[in-house]
Amino acid sequence: MYLANNDANHDPIASVYNAIGIASEAETIALILEQLMLKHLSKEAHILDIGCANGQLVQQFHIRGYQTTGLDCSEKLLHYAQINAPESKFILSDIRKFESLPTYDAVFSRNTLGFILNLDELTTVFRNVYAAMHNNGLFVFTIVTVDSVSRESLLEDFNICDITDKYVYLEEGKYNPEERTRELKSTTFELINGMWKRSDSTLLDKAYFSSEIQSALENVGFIEINHYNSKDFGDPTPTGEDCFVCRKPSLTR
Ligand SMILES: C[S@@+](CC[C@H](N)C(=O)[O-])C[C@H]1O[C@@H](n2cnc3c(N)ncnc32)[C@H](O)[C@@H]1O
12 MYLANNDANH DPIASVYNAI GIASEAETIA LILEQLMLKH LSKEAHILDI
62 GCANGQLVQQ FHIRGYQTTG LDCSEKLLHY AQINAPESKF ILSDIRKFES
112 LPTYDAVFSR NTLGFILNLD ELTTVFRNVY AAMHNNGLFV FTIVTVDSVS
162 RESLLEDFNI CDITDKYVYL EEGKYNPEER TRELKSTTFE LINGMWKRSD
212 STLLDKAYFS SEIQSALENV GFIEINHYNS KDFGDPTPTG EDCFVCRKPS
262 LTR
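In this note's numbering, the protein residues as written are 12 to 264.
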């Protein structure tokens with residue numbers, strides 16, 4: 012089952028996504044997040060990962076002793092998440108429709124909010140996150156912005172080709188500067204019982220201006236909004252990722 016009704020359906024590539032296995036990447040990201048997020052949390056903190064996919068990062072939070080919940084709109088990815096992070100809780104939901112009482116001390120999201128294709132809906136997502144957080148909670152997310160230092164390479168057209176004995180992953184990305192959208196076309200082949208199974212998917216994501224993101228966060232009520240590149244926190248990749256860090260006030264207005 013896939014709940015989101017825009018072009019973000021990850022179900023067709025879920026199995027190969029899980030086979031690619033980003034466990035080592037998740038470890039690296041968790042090390043960066045120790046600086047950016049985890050050191051500001053108490054040991055009992057409850058973290059929600061939005062767009063948790065196959066749960067690799069949720070498991071990293073769990074290993075570090077936090078209460079952990081993952082949310083994703085892809086039932087197929089959550090199937091793998093439950094295997095990869097068996098002690099954590101998972102919620103099948105479209106984040107645009109997610110309703111929760113204040114429950115979480117921190118909300119994290121990586122490479123997911125760009126799939127929300129317009130600013131009104133992104134603001135709704137920020138509002139839903141705000142409602143789900145305890146006062147003084149921390150909200151940390153990565154998103155591609157148009158005006159970031161890393162935009163040159165992130166918004167170029169690209170091709171990825173990953174061939175192994177068990178799967179083949181092909182991805183083509185094309186950026187449309189007028190719409191500020193990237194079309195990400197993937198084709199996967201997976202060896203199942205001696206037969207190669209082909210799946211295709213087309214995803215669309217949006218590059219926002221950092222000023223648009225900043226204003227949307229402010230309008231919802233977030234404070235102490237900061238914008239970093241993850242390289243500032245030890246990310247070894249050439250471009251790093253745009254990271255926003257903000258807080259829900261201690262006493263909500
Ligand atoms: C590119 S993956 C990123 C996964 C992971 N956070 C990471 O960084 O490796 C994006 C994930 O967001 C999920 N997603 C996209 N739109 C969503 C929505 N509206 N609500 C909930 N999840 C969504 C997809 O199903 C997918 O698992």
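The C-beta atom is built at its ideal place from N, Cα and C for all residues, glycine as well.
Since the model is a prediction, treat every value here as computed from it, not as a measurement.
I'd like to confirm something about aspartate 176: is its beta-carbon nearer than 7 Å to some heavy atom of ligand 1, or not? Answer for aspartate 176: no, Cβ out of range of ligand 1.
Measure from the alpha carbon of cysteine 257 to the alpha carbon of each residue in Phe244, Phe137 and Gly205, then state which is nearest. That would be Phe137, whose Cα lies nearest to the Cα of cysteine 257.
Between the C-alpha atoms of asparagine 204 and valine 179, what's the straight-line distance to the nearest angstrom? Their backbone Cα atoms lie some 16 Å apart in a straight line.
Does the Cβ of glycine 62 lie closer than 7 Å to at least one heavy atom of ligand 1? Yes, ligand 1 has a heavy atom inside 7 Å of this Cβ.
Shortest alpha-carbon distance to leucine 206 belongs to which of Lys177, Ala92, Phe150 and Lys217? It is worth fixing the name first, because residue 206 is methionine in this sequence and not leucine. The candidate whose alpha carbon is nearest that of methionine 206 is Lys177.
Is glycine 62 buried or exposed, if buried means 16 or more other CB atoms sit within 10 Å of its CB? Around the beta carbon of glycine 62, 16 or more other beta carbons lie within 10 angstroms, which makes this residue buried.
Which one or two residues does DSSP pair with aspartate 60 in a beta bridge? DSSP, once it has assigned bridges, lists Gly81 and Phe119 as partnering aspartate 60.
Any beta-carbon of chain D closer than 8 Å to the one on threonine 250? Of the chains in the structure shown, none is chain D; there is only one protein chain.
Helix or strand or just coil, what does DSSP make of lysine 100? It is a strand residue.
Taking the alpha-carbon of isoleucine 24 as reference, which of Ile106, Asn230, Ala218 and Leu88 has the nearest alpha-carbon? Relative to the Cα of isoleucine 24, the nearest Cα in the group Ile106, Asn230, Ala218 and Leu88 belongs to Leu88.
Using CA coordinates, which residue listed in Ile74, Asp211, Phe200 and Met48 is at the minimum distance from arginine 121? Taking only the C-alpha atoms, the option nearest arginine 121 is Met48.
Three or more C-beta pairs closer than 8 Å, one from the region 238–254 and one from the region 212–219: is that the case here? These segments do not touch.
Threonine 123 beta carbon near ligand 1 (any heavy atom closer than 7 Å): Checking every heavy atom of ligand 1 against the Cβ of threonine 123, one is found closer than 7 Å.
Measuring CB atoms only, is the region 64–71 touching the region 92–100, in the sense that at least three cross pairs come out at less than 8 Å? Verdict: yes, contact present.
Whole-Å CB distance - serine 104 paired with cysteine 84, under 8 Å assumed: Between serine 104 and cysteine 84 the beta-carbon gap is near 6 Å, inside 8 Å, which marks them as a contact.
Indicate whether leucine 181 and threonine 153 have their beta-carbon atoms separated by less than 8 Å. Judged by beta-carbon spacing, threonine 153 lies beyond the 8 Å limit of leucine 181, meaning their Cβ atoms are not closer than that value.
Can you say whether threonine 175 is buried or exposed, counting buried as having 16 or more other CB atoms within 10 angstroms of its CB? Exposed.
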